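Position one of the sequence shown corresponds to residue 52 (this note's numbering), numbered consecutively onward. Reviewing the structure listed below.
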Amino acid sequence: MRKFQQALMTGVSYMLPFIVFAGMTIAITQMYSQYVSVDSSVVNTLNGFAWVIMDLIPAIFAAYMAYAIGDKAAIAPGFIGGYIAAHPTVENTSASGFLGAILAGFIAGYVVLYFRKLPFPDFLESIKKTLFIPVIAGLLLYLIMAYPVAMTIGVLNDLIIANLITLSESTRYAFLLGAILSAMCAFDMGGPLNKIAITFVFALWNEPSGIGFRVNAAVFPGIMVPALSVGIASLIAKSKFSKEEIEMAPASILSGLVGITEAALPYAFQEPLRVIGPNMIGAAIGGAIMMAFGVSTTGVSGVFGLPMASNLAIFVLAILVGVVCSVGLQILIRKPKDSTDSIAKEEDILDFDITM
52 MRKFQQALMT
62 GVSYMLPFIV
72 FAGMTIAITQ
82 MYSQYVSVDS
92 SVVNTLNGFA
102 WVIMDLIPAI
112 FAAYMAYAIG
122 DKAAIAPGFI
132 GGYIAAHPTV
142 ENTSASGFLG
152 AILAGFIAGY
162 VVLYFRKLPF
172 PDFLESIKKT
182 LFIPVIAGLL
192 LYLIMAYPVA
202 MTIGVLNDLI
212 IANLITLSES
222 TRYAFLLGAI
232 LSAMCAFDMG
242 GPLNKIAITF
252 VFALWNEPSG
262 IGFRVNAAVF
272 PGIMVPALSV
282 GIASLIAKSK
292 FSKEEIEMAP
302 ASILSGLVGI
312 TEAALPYAFQ
322 EPLRVIGPNM
332 IGAAIGGAIM
342 MAFGVSTTGV
352 SGVFGLPMAS
362 NLAIFVLAIL
372 VGVVCSVGLQ
382 ILIRKPKDST
392 DSIAKEEDIL
402 DFDITM
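Put into structure tokens, the structure is as follows:
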């Protein structure tokens, strides 16, 4: 299980730069078309190219997940499996999406790992990793992903997306989806649960219904609230934060504005429950507001999502409400820092007896 988690995180880490490039390029080109209102073939071509990159995200993810398990020889089989997960090659089968891509990366990695342990003749040993293993594993991944996976996981993926679309379009329950996704992002601040939520969001970007951009907006509070709230709270209630936490506040606020959730981690290490709890509540409220009002954005993170928001006022309001709730709760449940504690600790370290 540990190996699988590490492979999953590797796939996400290598995938994110491609998502950032594609997402920002799509956002910038769409913002240009929206505000400049000039039809430019260069801008349109760039936008199309960004969507091509976005279309390859499952393949890239699967390739690097496989790489984390089976090393370089697993990259090509993983890419093949991930590509078929997004682009089914057999008629009347469905795309298995990121569920299929995860499966493709896992299978490709361990298939290659198995082949590497098989004995080969000495004269073939030098080309084993560059020729035989990638080709054999690639063909095997094609057969697995094109038939059994597309016929089973593809149907499951379609069912999940259909239910999510129904949930997002329901005025009574849409807020729940936004609250859950945003709280997931705020829970571990850049950790596995955060990455799972973000990966799920980007998996829906290509959906014609537009749900991908709505859930994208819904996770913005989960990304921005943690770092913003701990920084603001430490400046407002200085007696409840350490000197180091107060000094980190400006950097934390700036990180929150640009969507770097990890800036809240040093605060969470000091007071896990009193930081993570309020952050999750604030983020969930913000995400619920986003989803309830059907706000969407093609922006990738932080303030970069503002210009592309379908409803700028509600987008900003959701972030502000989330931050206010989180800051208020942190100030309320935190206990004042006793300055004598650190002095006492230093004295304890220096206090020793010499006996004869």
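We treat Cβ as the ideally placed atom computed from N, Cα and C, and that holds for glycine. All of these numbers come straight from a predicted model, not from anything done at the bench.
Report task. With residue 53 as the anchor, note down where its alpha helix (DSSP H) starts and where it stops. Result -> If you number the sequence shown from 1, residue 53 lands on position 2. 53-86 is the span of the alpha helix (DSSP H), which, as asked, contains residue 53.
Query raised in the report: Where does the unbroken alpha helix (DSSP H) through residue 280 begin, and where does it stop?
Result: Indexing the sequence shown from 1 puts residue 280 at position 229. Start and end: 271-287.
Query raised in the report: Nearest CA to the CA of residue 360: which residue from 63, 60 and 85?
Result: Position 309 of the sequence shown, counting from 1, holds the residue named residue 360. Considering only alpha carbons, the answer is 85.
**Report entry** Length at least 4, wholly inside the region 142-216: the alpha helix (DSSP H) runs in chain order
**Finding:** 148-168 and 184-195
Report task. Report, in whole angstroms, the separation of the C-beta atoms of residue 308 and residue 354, which I expect to be a contact under 8 Å. Result -> Working through the sequence shown from its first residue, we reach residue 308 at position 257. Working through the sequence shown from its first residue, we reach residue 354 at position 303. Yes, they are in contact, since the Cβ atoms of residue 308 and residue 354 sit about 5 Å apart, within 8 Å.
Query raised in the report: Looking only at C-alpha atoms, which of 380, 91, 333 and 104 sits nearest to residue 368?
Result: In the sequence shown, residue 368 corresponds to position 317, counting from 1. The option with the nearest alpha carbon to residue 368 is 333.
Requested in this report: Would you kindly work out how many angstroms separate the C-alpha atoms of residue 148 and residue 63, rounded to a whole number?
Outcome: The residue given as residue 148 occupies position 97 in the sequence shown. The residue given as residue 63 occupies position 12 in the sequence shown. Residue 148 and residue 63: Cα-Cα distance of roughly 15 Å.
Report task. Within the same chain, show all residues whose beta-carbon is closer than 6 Å to that of residue 244, passing over the 5 residues directly before and after it, in chain order. Result -> The count along the sequence shown starts at 1 and reaches residue 244 at position 193. Once the five neighbours on either side are set aside, the close Cβ partners of residue 244 are 235 and 238.
Query raised in the report: Roughly how many angstroms lie between the CA atoms of residue 172 and residue 161, to the nearest whole one?
Result: As a position in the sequence shown, residue 172 is number 121, starting the count at 1. As a position in the sequence shown, residue 161 is number 110, starting the count at 1. Between residue 172 and residue 161, the C-alpha separation is close to 22 Å.
Query raised in the report: From residue 306 to residue 269, what distance separates their C-alpha atoms?
Result: In the sequence shown, the residue the question calls residue 306 occupies position 255. In the sequence shown, the residue the question calls residue 269 occupies position 218. So the two alpha carbons sit approximately 19 Å from each other.
Query raised in the report: Does the Cβ of residue 319 have 16 or more other Cβ atoms within 10 Å, making it buried, or fewer, making it exposed?
Result: Taking the sequence shown and counting its residues from 1, the one referred to as residue 319 is at position 268. The residue is buried, with at least 16 neighbouring Cβ atoms inside 10 Å.
Query raised in the report: Okay, do the region 127-138 and the region 68-85 touch, 3+ Cβ pairs below 8 Å being the bar?
Result: With fewer than three CB-CB distances shorter than 8 Å, the region 127-138 does not count as touching the region 68-85.
Query raised in the report: By the 10 Å Cβ neighbour count, where 16 or more other Cβ atoms means buried, how is residue 213 classified, buried or exposed?
Result: Along the sequence shown, one-based indexing puts residue 213 at 162. Classification of residue 213: exposed, given that the 10 Å Cβ count is below 16.
Query raised in the report: How would you call residue 95, buried or exposed, if buried means at least 16 neighbouring beta carbons within 10 angstroms?
Result: Position 44 of the sequence shown, counted from the first residue, corresponds to residue 95. By the neighbour-count rule (16 or more Cβ atoms within 10 Å), residue 95 is not buried but exposed.
Query raised in the report: Closest by CA to residue 120, which one among 139, 61, 299 and 287?
Result: Residue mapping note: residue 120 aligns to position 69 of the sequence shown, counting from 1. The candidate whose alpha carbon is nearest that of residue 120 is 61.
Query raised in the report: Given 8 Å as the limit, is there contact between the region 197-217 and the region 136-154, that is, 3 or more CB pairs closer than that?
Result: Verdict: yes, contact present.
Requested in this report: Would you check if the region 286-306 and the region 180-193 touch, i.e. whether three or more CB-CB distances between them fall below 8 Å?
Outcome: Because the criterion of three Cβ pairs below 8 Å is not met, the region 180-193 and the region 286-306 do not touch.
Query - Boundaries (first-last residue) of the alpha helix (DSSP H) holding residue 325 - result: Within the sequence shown, the letter at position 274 stands for residue 325. Residues 323-343.
Report task. Note down, in chain order, each residue of its chain lying with its Cβ closer than 8 Å to the Cβ of residue 53, except the 5 sequence neighbours on either side. Result -> Position 2 of the sequence shown, counted from the first residue, corresponds to residue 53. Here the set comprises nothing.
Query raised in the report: Among 92, 297, 58 and 252, which residue has its Cα nearest to the Cα of residue 114?
Result: Residue mapping note: residue 114 aligns to position 63 of the sequence shown, counting from 1. The shortest Cα separation from residue 114 among 92, 297, 58 and 252 belongs to 58.
Query - residue 338 versus residue 371 - alpha carbon distance - result: Position 287 of the sequence shown, counted from the start, is the residue given in the question as residue 338. Position 320 of the sequence shown, counted from the start, is the residue given in the question as residue 371. If you take the alpha carbons of residue 338 and residue 371, they lie about 11 Å apart.
Query raised in the report: Taking buried to mean at least 16 other C-beta atoms within 10 Å of its own C-beta, is residue 220 buried or exposed?
Result: Within the sequence shown, numbered from 1, the residue matching residue 220 stands at position 169. Looking at its Cβ environment, which holds fewer than 16 other Cβ atoms inside 10 Å, residue 220 is exposed.
Query - 6 Å Cβ shell around residue 408 - same chain, five flanking residues per side excluded - result: Coverage of the chain is limited to positions 52 through 407, which leaves residue 408 absent and any answer about it impossible.
Report task. Tell whether a beta-carbon distance below 8 Å holds between residue 345 and residue 265. Result -> Stepping through the sequence shown from its first residue, residue 345 is reached at position 294. Stepping through the sequence shown from its first residue, residue 265 is reached at position 214. Going by C-beta atoms, residue 345 is nearer than 8 Å to residue 265.
Query raised in the report: From residue 256 to residue 324, what does the alpha carbon distance come to, in whole angstroms?
Result: For the purposes of this step, residue 256 is taken as residue 205 along the sequence shown, with counting starting at 1. For the purposes of this step, residue 324 is taken as residue 273 along the sequence shown, with counting starting at 1. Near 33 Å, if we compare the C-alpha coordinates of residue 324 and residue 256.
**Report entry** CB of residue 302 within 8 Å of CB of residue 288, strictly
**Finding:** What you label residue 302 is simply residue 251 of the sequence shown in a count that begins at 1. What you label residue 288 is simply residue 237 of the sequence shown in a count that begins at 1. Going by C-beta atoms, residue 302 is not nearer than 8 Å to residue 288.
Query raised in the report: For residue 349, which option in 89, 93, 56 and 98 has the closest C-alpha, if you only look at C-alpha atoms?
Result: Looking up residue 349 in the sequence shown gives position 298. Comparing Cα-Cα distances from residue 349 to each of 89, 93, 56 and 98, the minimum goes to 98.
Query raised in the report: residue 197 and residue 249: beta carbons closer than 8 Å?
Result: For this step, residue 197 is matched to residue 146 along the sequence shown. For this step, residue 249 is matched to residue 198 along the sequence shown. Not in contact: residue 197 and residue 249 (Cβ atoms no closer than 8 Å).
Requested in this report: Report all residues from its chain with a CB closer than 7 Å to the CB of residue 141; omit the five preceding and five following residues, and keep chain order.
Outcome: As a first step, residue 141 is located in the sequence shown; it is residue number 90 there, counting from the start. Contacts found: 197, 198 and 201.
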